[in-house]
Amino acid sequence: MQYSIHPPSDYILQHQSRLLPAWPQAIASVLVMLQPSQFALLARTLDTEQEKEKLRSHFLNQGRAIALALQQQGYLADLFDPRTGWPILSARGTLPLDDVAVVRAALGYSTDRCGNCRVILHPCLGTAVYPSTLVSSAPVEVLGAIAQQVLGITAPQR
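If you number the sequence shown the way the working numbering does, the last residue is 847 and the count never jumps.
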């Protein structure tokens with residue numbers, strides 16, 4: 690698993706009121722988590738759907754732990770369901786978040802179309818990667834420190 694911490698993209702800042710309408714503070718940091726998959730996530734098969742559900746569950750557990758730690762320090766935090774794009778902890782807005790677009794904006798990875806979905810073309814993992822996103826009102830450095838503490842690994846320096 691790899692993750693990276695970024696300031697929010699212009700798109701996220703511009704559309705925050707549609708993504709997280711109840712948030713009174715601006716999004717200040719974004720965590721992008723990329724989990725390797727056993728399978729290329731191109732075709733919808735029983736194996737790929739089970740794998741996506743396993744990776745989704747792992748992210749939701751880890752993301753909730755990070756969000757709770759941030760909230761205990763007085764920051765807002767939410768994770769977006771990779772399956773639906775809707776926030777998990779906050780009121781739903783009118784615009785779901787596209788994890789693939791977040792990865793493209795934050796990391797510059799190419800994407801490809803697969804049916805009605807877009808997939809990431811990771812430089813090492815190809816399409817065998819599952820993206821997910823957490824946002825916070827915490828500064829980038831604070832989110833990075835908490836993510837490192839919860840996940841037990843250090844994000845690469847950008």
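Virtual Cβ for every residue (Gly too), placed ideally from N, Cα, C.
With a 10 Å radius around its C-beta and 16 neighbouring C-beta atoms as the bar for buried, classify Gln-727 as buried or exposed.
-> The residue you call residue 727 lines up with position 38 of the sequence shown. Gln-727 should be labelled exposed.
Whose C-alpha, out of Glu-830, Asp-736, Met-722, Pro-776, is nearest the C-alpha of Ser-706?
-> For the purposes of this step, residue 706 is taken as the residue at position 17 of the sequence shown. Considering only Glu-830, Asp-736, Met-722, Pro-776, the residue with the shortest C-alpha distance to Ser-706 is Pro-776.
Using DSSP with H/G/I as helix, E/B as strand and the rest coil, what is Asp-767?
-> Within the sequence shown, the letter at position 78 stands for residue 767. In the three-state reduction of the DSSP assignment, Asp-767 falls in the strand class, which pools E and B.
C-alpha gap between Leu-765 and Thr-773, whole angstroms | Within the sequence shown, residue 765 is the residue found at index 76, counting from 1. Within the sequence shown, residue 773 is the residue found at index 84, counting from 1. Leu-765 and Thr-773: Cα-Cα distance of roughly 21 angstroms.
How long is the line joining the alpha carbons of Leu-814 and Gln-762, rounded to whole angstroms?
-> Working through the sequence shown from its first residue, we reach residue 814 at position 125. Working through the sequence shown from its first residue, we reach residue 762 at position 73. Rounded to whole angstroms, the separation of the alpha carbons of Gln-762 and Leu-814 is 35 angstroms.
Cβ-based burial, Gly-804 [other Cβ within 10 Å; buried from 16] = Translated into positions along the sequence shown, residue 804 becomes position 115. Counting the other CB atoms within 10 Å of its CB gives Gly-804 a total below 16, which places it among the exposed residues.
Run through DSSP, which three-state label would Ile-694 get?
-> Position 5 of the sequence shown, counted from the start, is the residue given in the question as residue 694. DSSP places Ile-694 in the strand class (E or B) of the three-state scheme.
Taking the Cβ atom as the reference point for each residue, do Thr-816 and Leu-757 lie within a distance shorter than 8 angstroms?
-> Position 127 of the sequence shown, counted from the start, is the residue given in the question as residue 816. Position 68 of the sequence shown, counted from the start, is the residue given in the question as residue 757. No, these two residues do not count as a Cβ contact at 8 angstroms.
If Val-719 sits next to Leu-796, beta carbons under 8 angstroms apart, how far is it from one beta carbon to the other, in whole angstroms?
-> Start at 1 with the first residue of the sequence shown, and residue 719 comes out as number 30. Start at 1 with the first residue of the sequence shown, and residue 796 comes out as number 107. Rounded, the Cβ-Cβ distance is 11 angstroms, inconsistent with contact.
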